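Residue numbers (the numbering used here), protein chains in the order written: chain A, 7 to 338; chain B, 7 to 338.
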């Protein structure tokens with residue numbers, strides 16, 4: 007097993023977020039389930055955009071946010087995703103490269119547009135996502151960068167991608183490549199509805215050898231079809247080497263080789279926008295893990311990054327996470 | 007003089023802002039003068055974008071920000087500007103309509119792109135703008151909506167537009183239309199460099215009958231070519247019916263028919279991004295003036311709106327200015 011120059015490489019949907027505020031009644035009106043992500047068609051997204059309030063555009067995408075977070079901690083990171091040759095493709099590319107991430111996708115001309123997600127933030131800070139995948143629907147194994155995967159300590163997979171056959175092939179090929187180079191593989195379950203749609207495939211994937219599994223309460227309970235978090239957690243610890251389960255304000259629990267460790271949530275004054283909370287939690291943990299910090303430090307980095315991201319609009323760090331972690335004395 | 011249904015109609019560049027952070031050294035590197043606005047070509051903007059940090063996209067444009075502010079106060083407002091049939095044109099249109107502004111421009115296909123401004127915010131919160139006008143360079147009198155102008159209490163003109171002949175014709179035609187309907191005409195000087203390039207035209211425009219003139223210290227001193235603010239202010243009060251001069255943290259002074267009134271700046275905890283400070287100051291004042299509030303109330307609304315906008319990234323209000331002003335007891 008050779009040394010790597012990259013800490014984490016991620017694969018996911020390359021998305022630009024269009025973030026606006028709304029009240030709960032608006033979510034009901036458009037038939038959106040609060041706190042979830044749903045895939046919508048071009049016509050639906052135009053209809054929602056026409057009625058939602060004014061917005062801001064910020065690069066997003068679940069794994070892409072995680073990878074941007076790893077880079078913000080000072081980690082070497084790479085991302086694989088599919089973009090069109092359009093304005094949103096240029097925005098996505100600029101922002102992820104500007105934070106120091108290796109991103110080598112060639113923009114596709116005369117195609118469906120770059121993915122976008124209409125993110126509606128309610129007064130409680132909760133986000134509800136309406137995602138039009140556009141060109142990301144055709145992401146497949148041809149987008150994977152085998153050299154980058156072999157050069158990365160950790161391969162990180164976004165569960166959202168697992169909705170389509172081409173993306174599933176990209177997952178399986180990426181995992182094969184990472185395994186053959188002796189790398190770790192991490193997976194985020196992403197969304198309870200997504201887990202529900204693909205439960206058996208997820209279980210098969212996890213049991214075939216995911217090293218690090220990230221999930222929140224509803225996702226892990228959906229995976230194991232139980233209303234008990236403890237039951238779900240117990241099954242997860244048997245199915246993976248390392249399970250990292252997040253519980254919003256209750257913090258998180260890390261299960262590793264028979265051990266378990268609780269990590270407190272980082273206190274913040276006010277939740278502005280929860281978009282990216284799980285993504286940035288994963289960023290802190292993966293950076294710490296790749297740099298071989300103790301699990302407790304990795305957990306603290308995770309909580310810190312999640313707290314930073316929910317204190318402002320958007321799912322990309324507004325400050326250097328490296329500096330933030332150093333100022334708190336978590337890392338030197 | 008008939009009653010109007012619209013409080014303020016504005017004409018200006020329809021711009022989407024691309025806002026990122028940088029240090030002072032970066033401004034020197036790209037040859038930008040801190041705090042100013044400069045017009046750049048397509049190649050220049052691509053070169054700056056390639057080296058600047060990650061960014062967020064938020065609708066902007068000086069007069070457009072003012073008009074959005076008037077709408078946020080609960081005013082009836084309209085905007086005239088030119089957009090291309092592209093992603094930024096759709097973003098601009100969505101955001102200004104979403105806040106309740108009448109905006110009826112037809113997107114132009116197969117044209118130069120919609121205007122954008124790379125806005126670099128330094129750690130002190132100061133903004134430096136690099137604007138690529140694209141399709142706005144061809145804005146002319148054909149974009150003006152005569153019905154809207156006749157229906158508006160105030161016509162508001164953005165000085166930035168005054169760089170091109172077509173836009174100057176649009177100004178003159180708009181003013182003629184407003185005058186013939188007995189409406190008030192307001193002008194913002196926008197930028198000291200812009201004033202410097204077109205001093206004589208600005209003086210002629212102002213002396214031909216601008217009712218309300220907005221300027222900051224450097225703009226009014228540039229207009230009258232003096233290093234004394236008091237001298238400049240004295241000349242301004244002779245040249246206009248109402249001169250509203252802003253002095254950043256020192257507040258503002260309103261000169262009206264021989265009277266003068268000082269308005270304190272609204273205190274804020276920390277300046278995050280000064281983009282739009284002058285635009286939103288004008289919004290508060292114009293809303294108050296159109297609704298025939300006393301000058302002092304109009305000034306307070308102006309200071310409040312300016313304080314709100316510099317407390318976050320972007321030049322569009324993040325909260326309802328109407329609610330904010332009501333909560334402070336400034337308006338019922």
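Cβ atoms here follow ideal geometry from the backbone N, Cα and C, with glycine treated the same way. For clarity, every value in this text was computed on a predicted model and none was experimentally measured.
DSSP places residue 167 of chain A in no beta strand (DSSP E); its state is neither H nor E. In the displayed model, residue 140 of chain B falls within a helix according to three-state DSSP. If you ignore the 5 residues before and after residue 311 of chain B, its C-beta comes within less than 6 Å of the C-beta of 75, 286, 289, 290 and 327, all in its own chain and listed in chain order.
The region 105–116 of chain B makes contact with the region 75–90 of chain B: 3 or more CB pairs, one atom from each, lie closer than 8 Å. Contact with chain B is absent for residue 213 of chain A, since none of that chain's Cβ atoms lies less than 8 Å from the residue's Cβ. Residue burial is scored here from C-beta neighbours: residue 9 of chain B has fewer than 16 other C-beta atoms within 10 angstroms and is therefore classed as exposed. The C-beta distance from residue 193 of chain A to residue 165 of chain A rounds to 6 Å, short enough to fall under 8 Å. In the structure shown, the three-state DSSP call for residue 226 of chain B is helix.
With its beta carbon less than 8 Å from one in chain B, residue 97 of chain A belongs to the interface.
Per DSSP, residue 63 of chain B is one residue of the beta strand (DSSP E) stretching across 61–66. Chain-order list of chain A residues neighbouring residue 55 of chain B: 100, by C-beta distance under 7 Å.
Under DSSP, residue 26 of chain A forms a beta bridge with A/61 and A/126. For residue 283 of chain B, same chain residues with a beta-carbon under 7 Å away, outside a window of 5 residues either side, are 312, 315 and 316 in chain order.
For residue 83 of chain A, DSSP records a beta bridge to A/14. Counting along the chain, the unbroken alpha helix (DSSP H) around residue 201 of chain B starts and ends at 198–203. Among the CB atoms of chain A, one or more fall inside 8 Å of the CB of residue 322 of chain B. Across the set A/270, A/333 and A/158, the C-alpha of A/158 shows the shortest separation from the C-alpha of residue 188 of chain A. At a cut-off of 8 Å, the C-beta of residue 314 of chain B has no neighbouring C-beta in chain A.
Chain-order list of chain A residues neighbouring residue 94 of chain B: 93, by C-beta distance under 8 Å. With a minimum length of 3 residues, the unbroken runs of beta strand (DSSP E) contained wholly in the region 89–134 of chain B fall at 121–127. By the neighbour-count criterion, in which a residue is buried when 16 or more other Cβ atoms sit within 10 angstroms of its Cβ, residue 140 of chain B is buried. In terms of Cα proximity to residue 200 of chain A, the closest of A/237, A/225, A/30 and A/236 is A/225. The C-beta separation of residue 61 of chain B from residue 25 of chain B comes to about 6 Å, placing the pair in contact by the 8 Å criterion.
Around the beta carbon of residue 127 of chain A, 16 or more other beta carbons lie within 10 angstroms, which makes this residue buried.
For the C-beta of residue 105 of chain B, the chain A residues within less than 7 Å are, from N- to C-terminus, 60.
Taking 8 Å as the threshold, the shortest C-beta distance from residue 65 of chain B to chain A falls below it. Here the alpha carbons of residue 136 of chain A and residue 177 of chain B stand approximately 42 Å from one another.
In the structure shown, residue 47 of chain A falls within a coil segment according to DSSP collapsed to helix, strand and coil.
DSSP places residue 70 of chain B within a helical segment (H, G or I) once states are collapsed to three. If you look at residue 239 of chain A, you'll find it in the alpha helix (DSSP H) that goes 235–245. According to the DSSP assignment, residue 302 of chain A belongs to the alpha helix (DSSP H) that extends over 301–315.
Using a Cβ-Cβ distance cut-off of 8 Å, the region 32–42 of chain A and the region 240–258 of chain A are not in contact, since fewer than three pairs of beta carbons, one from each stretch, lie closer than that value.
Ranked by Cα distance from residue 330 of chain A, the first of A/308, A/233, A/321 and A/319 is A/308. DSSP places residue 292 of chain A in the uninterrupted alpha helix (DSSP H) bounded by 283–296. With contacts defined by Cβ atoms closer than 8 Å, residue 131 of chain A and residue 278 of chain A form a contacting pair.
Shown here, residue 34 of chain B sits in a helix according to DSSP, grouped into three states.
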